[in-house]
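Report on the following structure.
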Amino acid sequence: MASRTLFGIPVSAGIAIGRAYYLNKSHFSGTVRQTVPDADVPFERERLTRAFDAALHDLERILSLVPEDLKEHSAIIESHLMMLRDHKFRKRALDHIALSRVNAEWSLERAVGDVQEIFASIADEYLRQRMQDVRLVAERVLGKLVGGESGHQAIKHRAILLAHDLSPADTIELDVNKIMAFATAQGGKTSHAGILARSLQIPAVVGVEGLGDDLAEGGIIILDGFHGRIIIDPDEDELARYTDLQTQFETYQATIMRSCHLPAETIDGYRVQVLANIELFEEVVAVNDNGGEGIGLFRSEYSYLNRNGMPSEEELTEIYMDMASLVAPKKLVIRTLDVGADKLMRMQSSAEANPALGLRAIRYCLKHREVFRTQLRAILKASVLGNVSIMFPMISGLQELVEVKKFYREVQEEMHSEGVCFREDMPMGIMIEVPSAVITADFLAREVDFFSIGTNDLIQYSLGIDRTNKDVSYLYQPLHPAIVRSIKWVVDSAHRAGIEVCLCGELAADPFCIPVLMGMQVDSISLGPQAIPGIKRIVRQASMEECNALLKQVMASHSVARNNKLVREMIFRRFPEELMFYSSLVDD
1 MASRTLFGIP VSAGIAIGRA YYLNKSHFSG TVRQTVPDAD VPFERERLTR AFDAALHDLE
61 RILSLVPEDL KEHSAIIESH LMMLRDHKFR KRALDHIALS RVNAEWSLER AVGDVQEIFA
121 SIADEYLRQR MQDVRLVAER VLGKLVGGES GHQAIKHRAI LLAHDLSPAD TIELDVNKIM
181 AFATAQGGKT SHAGILARSL QIPAVVGVEG LGDDLAEGGI IILDGFHGRI IIDPDEDELA
241 RYTDLQTQFE TYQATIMRSC HLPAETIDGY RVQVLANIEL FEEVVAVNDN GGEGIGLFRS
301 EYSYLNRNGM PSEEELTEIY MDMASLVAPK KLVIRTLDVG ADKLMRMQSS AEANPALGLR
361 AIRYCLKHRE VFRTQLRAIL KASVLGNVSI MFPMISGLQE LVEVKKFYRE VQEEMHSEGV
421 CFREDMPMGI MIEVPSAVIT ADFLAREVDF FSIGTNDLIQ YSLGIDRTNK DVSYLYQPLH
481 PAIVRSIKWV VDSAHRAGIE VCLCGELAAD PFCIPVLMGM QVDSISLGPQ AIPGIKRIVR
541 QASMEECNAL LKQVMASHSV ARNNKLVREM IFRRFPEELM FYSSLVDD
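Shown next as structure tokens:
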């Protein structure tokens, strides 16, 4: 067996076997606190200011050099530029020099620590992981302070890149033709490193414990992007096994990519629309390349993060119109702001004891109506392009929906009076993600044009568990009878009211759940771009007869274990090729 195996979070599927190259990032590991004389304080402040400016100019240069095939990654680099221009962050670091009489390097680390304390209290996984952006920006500034270089040019041959973290700017500077895969010590499923890996379609693992500078440079390693493993110094048996799996996956991947643009239609004629969940412009290319039929969920929160104030109506309008134009003629469903008072740095003064059950999503928007008004006006302006729909998150009941619609109509009337053009019949939907919305789905369906079932939150709220908490994550069961029955009730309620229902979240990308969802006759599913080809292939090989039979068995079951057994038996019998890559190493 291998001498050592490291474990992390798989974010981009695939197997890579090659030599390791460690991108030597300081990540403040060598920063030393030094007290400086009063006379040297101005000098340290000037050093830090010059470092910020140099890092800013560096990123501006990199942005100008982004090749055409990676233009979609520019948004992240621009967000890092925005942070470097943030006077509050710079001022915080400069103030540490003046107040504590310390060197510039240490003051920068302290400023990052201050921001980290703020981010640590954020409940939302995606927003919490934006702390990685702050670290990446600070590391670039630190590099200018200490005069260090990244050593990108040292990669002479194809390699598996190992790094503390990897920014979009790092990716642009690297010769991506020489990088077969990468692993980082930081990051999560929603980190930019993961998004970039999926966009570039190379295997990646993030959040790897024990991924340090002590790893031998140039040694042979195996990166398993299915199960989040880094195998160091593999023996001959491991090399043979993974080489065989790599070959099979590459063959399979080529097969499903050749047919990914075909419709997701069962052998007996039932068609489901396969859409994508995205949050950045850069992901649109991956959506198109993988056969996505539109955007079922555009998370709009990114435009509100890492900035001093709220975005303007003009700024949001430009973003939404650009995205709609890029996606056209396919549909674009924009979810309104899904944040809470705990999730924006500037709102930390109103931190909540339990933000997951507090002022978040539509509740936040109804309380902060000017913020809501600005976003609604921008979405309405973008609606003139014809392919835009609006969706409200975390609706808990009919009264709340009526209040949202009333305010929405007020904004429309206001724009009418100003002579502003918009599409009056723009489709309007809601997300079903709390139990109260499930129970009243038959009432809610009469008020909107479509439903989108947000399964990630629905499962957590219904079962009372946090899937990111390792102590209770085993309770996160998509095929729990309560979840299956809830989804079935929502789908049936939508169809009785004559509206369509989409299902999004990790459940939509789970091959084990697809036949059950097909049996329920969901109209569309929305998932990560990379999962689209495989899911479409499963749909095309299935029949509604067998999906209905499976659903009937699952609906009659009172046990999670029995449901899992029923589904696994059907999947492994009918789709062994699709599942072999995701199951072949599970029992190691």
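Just so you know, we're using full-length UniProt numbering here: the sequence shown kicks off at 1 and counts up by one. All residues carry an ideal CB built from backbone N, CA and C; glycine is no exception.
### Message
Please classify Gln273 as buried or exposed, where buried requires at least 16 neighbouring CB atoms within 10 angstroms.
### Response
buried
### Query
So who's on the other strand from Thr184, going by DSSP bridges?
According to DSSP, which records beta bridges pairwise, Thr184 is partnered with Ala163.
### Query
So Gly294 is in the beta strand (DSSP E); what residue range does that whole segment cover?
Gly294 -> beta strand (DSSP E) spans 294–299.
### Task
Using 10 angstroms around the beta-carbon of Lys331, count the other beta-carbons present and answer buried if the total reaches 16, otherwise exposed.
Buried, since its Cβ has 16 or more Cβ neighbours within 10 Å.
#### Entry: Assigned secondary structure, Arg101 (DSSP; H/G/I helix, E/B strand, else coil)
coil
### Query
Between Ile535, Thr243, Leu359, which lies nearest to Phe512 when the distance is taken from Cα to Cα?
Ile535
### Query
Which same chain residues, not among the five before or five after Pro44, have their C-beta less than 7 Å away from its C-beta?
Per the sequence shown, the amino acid found at residue 44 is Glu instead of Pro. For Glu44, the CB contacts under 7 Å within the same chain, skipping 5 residues up- and downstream, are Val36, Ile97, Asn103, Ala104 in chain order.
#### Entry: Status (buried if at least 16 other CB within 10 Å, exposed otherwise) for Pro263
exposed
### Query
Based on Cα-Cα distance, which residue from Ile230, Asn288, Ser389 lies nearest to Met257?
Cα-wise, what sits closest to Met257 is Asn288.
### Query
Helix, strand or coil: how does DSSP classify Thr336 here?
In the three-state DSSP reduction, Thr336 falls in the coil class, being neither helix nor strand.
### Query
Taking the C-alpha atoms as reference points, what is the distance between Gln460 and Tyr476?
The straight-line gap from Cα to Cα measures roughly 7 Å.
### Query
How big is the Cα-Cα spacing for Asp471 and Val11?
Their Cα atoms are separated by approximately 21 Å.
### Message
I need the straight-line Cα distance from Met83 to Val134, nearest angstrom please.
### Response
7 Å
### Task
Keeping to the same chain, check which residues put their C-beta closer than 8 Å to that of Arg50; ignore five residues upstream and five downstream.
Lys144
### Query
How would you label Pro533, buried or exposed, when you count the other beta carbons within 10 angstroms and need 16 or more for buried?
buried
### Task
Could you say which of Ser417, Asp425, Glu78, Arg360 lies nearest to Ala382 if we only look at CA atoms?
Asp425
### Query
Among Gly8, Leu326, Phe89, which residue has its Cα nearest to the Cα of Ala185?
Gly8
### Message
Helix, strand or coil, according to DSSP, for Ser64 in the structure here?
### Response
For Ser64, the secondary structure class from DSSP, reduced to helix, strand or coil, is helix.
### Task
For Asp235, count neighbouring Cβ atoms within 10 angstroms of its own Cβ and tell me buried if that reaches 16, exposed if not.
With fewer than 16 other CB atoms across the displayed protein chains lying within 10 angstroms of its CB, Asp235 is exposed.
### Rounded straight-line distance, which links the Cα of Lys178 to that of Lys405
52 Å
### Task
Keeping to the same chain, check which residues put their C-beta closer than 7 Å to that of Ala509; ignore five residues upstream and five downstream.
Closer than 7 Å at the Cβ level, and outside the excluded window around Ala509, lie Leu527, Gly528, Ala531, Ile535.
### Task
Would you mind giving the Cβ-Cβ distance between Leu223 and Ala183, rounded to the nearest angstrom? I have them listed as a contact below 8 Å.
6 Å
#### Entry: Span of the alpha helix (DSSP H) around Phe422
From DSSP, Phe422 is part of no alpha helix (DSSP H); its letter is neither H nor E.
### Task
With Asn277 as the anchor, note down where its alpha helix (DSSP H) starts and where it stops.
Element bounds for Asn277: not the alpha helix (DSSP H) but the beta strand (DSSP E), 273–278.
#### Entry: Of the residues Glu400, Asp86, Arg101, the one placed nearest Val115, counting alpha carbons only
The shortest C-alpha separation from Val115 is found at Asp86.
### Query
Which first and last residues belong to the beta strand (DSSP E) in which residue 589 is found?
Only positions 1 to 588 of the chain appear in the structure, and residue 589 is not among them; the question remains open.
### Query
Name the DSSP beta bridge partners of Glu224, please?
Position check: residue 224 holds Asp in this sequence, whereas Glu was assumed. Its beta-bridge partners are Ile15, Arg229.
#### Entry: Gly225 versus Glu279: straight-line alpha-carbon distance, rounded
22 Å
### Task
Using a threshold of 8 Å, state whether the C-beta atoms of Val112 and Phe52 are closer than that.
no
### Message
Tell me the rounded alpha-carbon separation between Glu283 and Pro42.
### Response
44 Å
#### Entry: Whole-angstrom C-beta distance between Leu99 and Leu48, which should lie under 8 Å
Rounded, the Cβ-Cβ distance is 14 Å, inconsistent with contact.
### Alpha-carbon spacing of Arg198 relative to Gly14, whole angstroms
Rounded to the nearest angstrom, the two C-alpha atoms are 10 Å apart.
### Query
How long is the line joining the alpha carbons of Trp106 and Val146, rounded to whole angstroms?
12 Å
### Task
Could you tell me the boundaries of the beta strand (DSSP E) in which Glu403 lies?
Where Glu403 is concerned, there is no enclosing beta strand (DSSP E), although the alpha helix (DSSP H) it sits in stretches over 398–418.
### Query
How big is the Cα-Cα spacing for Arg346 and Gly397?
The predicted model places Arg346 with a pLDDT of 41, which falls under 50 and marks its position as unreliable; any figure quoted below should be read in that light. Between Arg346 and Gly397, the C-alpha separation is close to 29 Å.
### Query
Mind checking whether Val516 and Val490 have CB atoms under 8 Å apart?
Not closer than 8 Å, so no.
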